[in-house]
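Notes for the one structure printed next.
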Amino acid sequence: MLARIGASSFDALLESVPATLRSRAELKLSPALDERSLLRHFSAAVAENGTVLSGPSFLGAGAYHHFIPAAVDALASRGEFMTAYTPYQAEISQGTLQMIFEFQTLVCQLTGMEVANASLYDGASAVAEAALMAARVTRRTRLCVSAGLHPHWREVLRTYTEGVGLALETLPLDASGRTDCAKVPADAAAVIVQSPNFLGAIEDLGAAAKAAHAAGALAISATAEALSLALLRSPGELGCDIACGEAQSFGLPLSFGGPYAGFLATREKHVRQLPGRLIGETVDTEGQRAFVMTLTTREQHIRREKATSNICTNQGLCALRVTIWLALIGKRGIRRLAEINVAQSTYARRAFARAKLALPYAAPVFNEFVVTVPGLARKLERLGAQGVQPGVPLARYGAPLGEDRLLVCTTEMNTRAEIDALVQELAA
Amino acid sequence: MSTAGRTGLVFHEPLLFESSRPGRRGVPIDDPDVPPVDAARELGPELVRDDIPDFPELAELDVVRHFTRLSQWNYGIDSGFFPLGSCTMKYNPKVNESVARLPGIAAVHPASDESRLQGVLALASELETVLAEISGLDRVTLQPAAGAQGEFVGVRMITAYHRARGDAKRTRVLIPDTAHGTNPASAALNGLEVVEVKSGADGVVHPEALAALADERTAALMLTNPNTLGLFETHVEKLAEVVHAAGGLVYLDGANMNALLGIAKPGHMGVDVMHFNLHKTFSTPHGGGGPGSGPVAVRNILAPYLPTPVIRGEGGRYRLDEDFPHSIGRVHAWYGNAGIWLRALAYIRTLGAAGLAEVSARAILNANYILDSLRDVYDVPHQKRVMHECVLTDRRQNEHGVTTADIAKRLMDYGYHPPTIYFPLVVAGALMIEPTECESQETLDGFIEAMRAIAREAETEPGLVTGAPERPIVRRLDEVRAARKPRLRWTRERA
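If you read the protein sequences in the order shown, they are chains E and V.
Taking our numbering, the leading residue of the first sequence gets -18, the next gets one more, and so forth.
Taking our numbering, the leading residue of the second sequence gets 12, the next gets one more, and so forth.
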């Protein structure tokens, strides 16, 4: 090949790389591994990881262990989906395009909104993008953020909004664990409320929306546990202007926190302020229905520094898994799964109460709640030694949330026996 | 015509919502072993919604056929040659999928106690060390979920660095006219002003042009090297000197790192901070537009500003350290797209140092081979050797009424994915071709032959090209209609 292009050597092709910059030594890396050795290396490296499969797990806090039907992996592994690019060339990307159109529709149905984008990185950046969007719509700079927003999501929100001069203010939680929206300032850009919130409480999104609108602000709902959308009145129905969150519950493995899939939906009137990809319906030259990326003048590759966001990828493969999962579980199945999650948490809460452990918040919950456990640290250690992951200690997230408080999540993946054993150990 | 493309049996497939039939069910879900509850009574009727109207009701086989058929309308790297410039559409080895699916990775909850995360943290730490070595920089974070988020993080850190030095007036980012659109968008997301740097007639940035713009307001230069014309920025050391002398820092957009593995290290070029696109250089699947992974590497001067948490390894134990007072803060709920960055580590471990060096060498050879084999029929903006990608234009074909878009669509009929088109913006009618190292000479020859055939058709039968494509499931789309009356979801009323 070198001869055919008239190059005397490979180095002759690098004429524009100054000799001073050429690496003289090889990269210092471990020796290459063949497939057998590679799988052995990784299997051995992660062998000591305790997983949600290796023992009972009651971990939630923004990442949820749910059932994934076998067909999700089988279909999402198809190379035509997995190895395709962003669907710029629509004629040979109709599979991805129709799938994302379906994803957008499903997100609208779940959130009660009119338009949804083709997904964002994760729930945390979705909240950040929603806040930036609200600031553009209202031309205001104060963001009122519920203290019930996932603490990591709040940190991401701060990182994203600091540079463009937005200020974060906190709306406190009341004694029941819900956000107190009484004091929304008159110049707020947005009221941001997570429901169910980080402590598990199902929020009064209708009240949050009213408070936001009274101040001329947008109401943003954030959802970390997307399965709750199948059962709870939707953010759209309750008057929110933007509904965003994390869709990991719908068929995405926990994978140490990623890749997940953020979603962002809103009213039609705000569509031109949406960040990210949007897929729209059109026709081809023969009049057949087809799908294409649209309203791209919002985006960085056209508008550059004036774009609504710098986002370039959506989470195509994750959106695919979500779409397949929702199609397989279906209308009745998703309602049923959501009801099972409520049944599990109801059972667990009653068992904790019977065992005289305090449930500090009275607000209704979906599948996650806080329990006060005297001597928590010691008990966590003991349960850990038994291979149980009993929940997330709130002490990890700082003082105001309490020393002895444990955030417990029960999903359809937990059994009654596991819950009974957990209650017994924590009460002991 | 002799082509790689054939029309196989593909199926019409309605939307999920159109195939839905009341009462049909996909996977069964058993009763729980806890007592059932009436959710409306338990939570209060005011909190509970009705059934979701028009939500899909399908059997498992319906769903399997639906997505199988949709997949057949797609073109992936697994389908054929995918020379999409600056996107590095290389083969995604299947063993990396097996790695990501190991239960010790896929079933790890991110909020697990650190004692249970030692394995995955050790692998993360290993990858950070490897990426530091490849970049010639000191520290790495795996947290950014994509290249654009990596850019945001890098620029945010640069801002934090200047502010910590009491140098708050640095509000401008210098960006060459060949840059990806994400660069200016990431600067704007940080509240900074974008100043465009014109590249020279030879396609690269000249120190004099940069010196005229660099001053006490300069926060950074954002450079892509090799640039989007496929040219190595020959003056990069001098460019870095100019920016550093003005008090600014140098950011490298690592989108084109596939040209540099084992050949040159950004750290030696004067780069202070860069992002990697693991889904480009390190073979993780593009997935139809994500998920990606955009680790950021920095020189020690920027290390205090890394996003929190950072991984610390001490005495063989690893922990996620959040006590990091100068950090720009978190950018991801957890520690980035672990399922993706672990695939990248698997790729690097498969190739080793010699393998990675061969990646770039072959990628560069393949790009020059294509360029040399087509420059007699397509116009070329610059006569130099290229790195990992090359740019052609449609100037000659324009004489026959054929444009870059037409050539791209006609390539589909020949069985190839089109190159990146109309980018970089500085070249009119650009066709930007990145073959990657993975393709054989036979595959390249087939593509070259198709490009030459299209050039002939443009002269003799231009209607074949302007009317393309004819083989995909749909013909050319009406994009204006899509944007004028946007239909962004299915509804029963519109059906």
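In this text, a Cβ means the ideal position worked out from N, Cα and C, and glycines have one as well.
All of these numbers come straight from a predicted model, not from anything done at the bench.
Taking the alpha carbon of E/P177 as the reference point, which residue from E/V137, E/H131, E/D155 and E/A169 has its own alpha carbon closest? E/H131
Apart from the five residues on each side of it in sequence, which residues of its chain come closer than 7 Å, Cβ to Cβ, to V/E248? M280 and G281
Contact set between E/D222 and chain V, taken where Cβ atoms lie within less than 7 Å: The premise fails here: E/D222 is roughly 17 Å from chain V at the closest Cβ pair, so nothing lies under 7 Å.
Suppose the cutoff is 6 Å on Cβ atoms and the five residues either side in sequence are ignored; what does the same chain contact list for V/R150 look like? V309 and A314
Nonlocal neighbours in the same chain, by C-beta distance under 7 Å from E/V412, ignoring five residues either side: For chain E, the structure presents residues -18 to 409; residue 412 of chain E sits outside this window and is missing.
For V/D334, three-class secondary structure by DSSP: coil
Can you pull the chain V residues whose beta carbon is under 7 Å from the beta carbon of E/E136, in chain order? G340 and R341
Using the Cα positions of V/E450 and E/L(-17), report the straight-line distance between them to the nearest angstrom. 15 Å
For V/V391, list the residues DSSP reports as bridge partners. DSSP, once it has assigned bridges, lists no residue as partnering V/V391.
Can you tell me whether DSSP reads E/S(-3) as helix, strand or coil? coil
Quick test of your reading: V/R396 and E/S(-3), contact by CB under 8 Å. State the CB separation rounded to the nearest angstrom. 7 Å
Starting from the C-beta of E/G36, find all residues in its chain whose C-beta is less than 8 Å away, skip the five residues before and the five after it, and write them out in chain order. Q367, G368, V369 and Q370
Using the beta-carbon of each residue, which ones in chain V are nearer than 9 Å to E/L375? Correct list: empty, because the minimum Cβ distance to chain V is about 11 Å.
Those residues which DSSP pairs with V/F66 across a bridge: None; V/F66 has no bridge partner.
Mark V/P155 as exposed unless 16 or more other C-beta atoms lie within 10 angstroms of its C-beta, in which case mark it buried. buried
Please check if any C-beta of chain E sits within less than 8 Å of the C-beta of V/I465. no
I need the boundaries of the beta strand (DSSP E) containing V/F78, first residue and last residue. Segment E71 to Q83 is the alpha helix (DSSP H) holding V/F78; no beta strand (DSSP E) there.
Taking V/C98 as the query, report the chain E residues whose CB atoms sit under 9 Å from its CB, ordered along the chain. Y66 and T67
Give the range of the alpha helix (DSSP H) segment to which E/G365 is assigned. L357 to A366
On the premise that E/H47 lies in contact with E/S230, defined as a C-beta separation below 8 Å, what is that separation, rounded to the nearest angstrom? 5 Å
Could you give the first and the last residue of the continuous alpha helix (DSSP H) run that contains V/P187? Not the alpha helix (DSSP H): V/P187 falls in the beta strand (DSSP E), residues R183 to P187.
Please confirm if E/R248 has its CB atom under 8 Å from at least one CB of chain V. no
Cutting at 6 Å between CB atoms, please list the residues of its own chain near V/A355, excluding the five before and the five after it. L289, F293 and T295
With a 10 Å radius around its C-beta and 16 neighbouring C-beta atoms as the bar for buried, classify V/A159 as buried or exposed. buried
I'd like the ranges of any beta strand (DSSP E) spanning at least 3 consecutive residues and lying wholly in the region 173 to 228 of chain V. 183 to 187 and 204 to 208
Ends of the beta strand (DSSP E) at V/M280? First-last for V/M280: undefined, no H or E at that position.
List the residues of chain E whose Cβ lies closer than 8 Å to the Cβ of V/P483, in chain order. E72, I73 and Q75
At the 8 Å Cβ level, is E/T263 part of the contact set with chain V, yes or no? yes
To be precise: take each residue of the region 181 to 197 of chain V, compare its Cβ to all Cβ atoms of chain E, and keep it if any distance is under 7 Å. Which residues remain? G192, T193, P195, A196 and S197
With DSSP as the reference, please indicate the residues paired to V/H286 in a beta bridge. V/D264 and V/V307
According to DSSP, which residues form a beta bridge with E/V352? E/L387
Which residue comes first and which comes last in the beta strand (DSSP E) that contains V/F22? Looking at the DSSP string, V/F22 is not in any beta strand (DSSP E), and its letter there is neither H nor E.
What's the call for V/D41, buried or exposed, on a 16-neighbour Cβ count within 10 Å? exposed
What are the complete alpha helix (DSSP H) segments, minimum 4 residues, inside the region 89 to 164 of chain V? 105 to 112, 114 to 117 and 129 to 146
Please list the residues of the region 7 to 21 of chain E that have a C-beta atom closer than 7 Å to any C-beta atom in chain V, keeping them in chain order. E7, L8, K9, L10, S11, P12, A13, L14, E16, L19 and L20
Assuming E/A97 and E/F244 make a contact with CB atoms under 8 Å, what is their CB distance in whole Å? 6 Å
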